[in-house]
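*Asks:* Mind looking over this structure? Questions follow.
Residue numbers (the working numbering): 3 to 207.
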């Protein structure tokens with residue numbers, strides 16, 4: 003396969019990776035929160051801090067995009083990537099906050115598994131972003147993000163079905179249905195981010 007040479011503005015690639023690593027940290031903090039389920043206020047505050055850091059990185063990329071005469075990828079595609087990465091971090095924050103708002107006593111095993119899937123997706127996204135500069139060997143990482151989303155779909159459907167068979171109080175059913183939806187939305191957003199990377203990659207090769 004022949005690869006075209008990308009404009010060598012290393013700062014763009016550094017910012018992409020920094021944005022991905024911030025997302026990775028937020029996903030890891032959410033998984034840790036559900037595993038330990040203690041010090042919730044401090045754990046949510048850390049995720050909120052990472053969300054703000056993500057916003058700062060997004061603004062840096064946007065400013066870089068506005069100032070650059072030549073960009074390594076189409077401007078629209080770079081903007082799309084920034085938006086999609088931000089959506090994942092926003093979803094992580096929303097999920098963490100919802101656990102506190104709903105005063106959940108203890109996460110279900112399904113919720114923990116979904117958070118672990120999201121963290122695994124974030125690991126794959128970061129690896130793909132690190133490889134964007136060289137435009138090589140991204141496919142396996144991006145496919146892993148899609149495979150994890152499919153796994154989460156099945157797990158989420160099963161968990162929701164179990165809710166309605168459990169005989170739980172209606173309010174508890176509504177709470178958990180919402181929480182599974184928040185987790186699933188964040189996982190879907192991670193897949194959207196992978197698709198944004200795919201578009202950039204395939205247009206450039």
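Glycine included, every Cβ here is placed at the ideal spot set by N, Cα and C.
1. Buried or exposed for residue 5, please, with buried defined as at least 16 other CB atoms from any protein chain shown within 10 angstroms of its CB.
2. Can you tell me which of the three DSSP states residue 75 falls into?
3. Taking only the alpha-carbon atoms, compute the straight-line gap between residue 138 and residue 186 and give it to the nearest angstrom.
4. Taking the alpha-carbon of residue 204 as reference, which of 141, 32 and 114 has the nearest alpha-carbon?
5. Can at least three beta-carbon pairs, one atom from the stretch 21-34 and one from the stretch 112-129, be found at a separation below 8 Å?
6. Please give me, in chain order, every unbroken run of the beta strand (DSSP E) with length at least 3 that falls completely inside the stretch 4-49.
7. Report buried or exposed for residue 38, applying the criterion of at least 16 other Cβ atoms within 10 angstroms of its Cβ.
8. Between which two residues does the alpha helix (DSSP H) holding residue 70 run?
9. Can you tell me where the alpha helix (DSSP H) holding residue 203 begins and where it ends?
10. Do you know how far the Cα of residue 127 is from the Cα of residue 150?
11. DSSP three-state label for residue 108, please.
12. Tell me whether residue 57 sits in a helix, a strand or coil according to DSSP, three-state version.
13. Taking Cβ positions, are residue 188 and residue 93 nearer each other than 7 Å?
14. Alpha carbon to alpha carbon, how far is residue 77 from residue 71? Give it in angstroms, no decimals.
15. Nearest CA to the CA of residue 51: which residue from 95, 81 and 33?
16. Please state the DSSP three-state secondary structure of residue 168.
17. For residue 59 and residue 24, which I take to be in contact (beta-carbon distance under 8 Å), what is that distance rounded to the nearest angstrom?
18. Here's a check: name, in chain order, each residue in its chain whose Cβ is nearer than 8 Å to the Cβ of residue 190, leaving out the five neighbours to either side.
*Replies:* In this structure, then:
1. Note that residue 5 scores a pLDDT of 44, beneath 50, so its modelled location is shaky; the value from the coordinates is reported in the next line. With fewer than 16 Cβ atoms within 10 Å of its Cβ, residue 5 is classed as exposed.
2. Note: residue 75 maps to coil in three-state DSSP.
3. Per the coordinates, the alpha-carbon of residue 138 lies some 29 Å from the alpha-carbon of residue 186.
4. Considering only alpha carbons, the answer is 141.
5. Touching, yes, given that three or more Cβ pairs across the two stretches are closer than 8 Å.
6. Correct list: empty.
7. By the neighbour-count definition (other C-beta atoms within 10 Å, threshold 16), residue 38 is an exposed residue.
8. Note, residue 70: premise wrong, no alpha helix (DSSP H); not H, not E.
9. It spans 172-206 - the alpha helix (DSSP H) in which residue 203 sits, taken as one unbroken run.
10. Their Cα atoms are separated by approximately 12 Å.
11. The answer is coil: DSSP assigns residue 108 none of H, G, I, E or B.
12. In the three-state scheme derived from DSSP, where H, G and I count as helix and E and B as strand, residue 57 is classed as helix.
13. The answer is yes: Cβ separation under 7 Å.
14. Distance from the CA of residue 71 to the CA of residue 77, rounded to the nearest whole angstrom, comes to 11 Å.
15. Closest by alpha carbon: 95.
16. Coil at residue 168, not helix or strand.
17. The pair is a contact, with the Cβ atoms about 6 Å apart (cut-off 8 Å).
18. These residues qualify, in order along the chain: 151.
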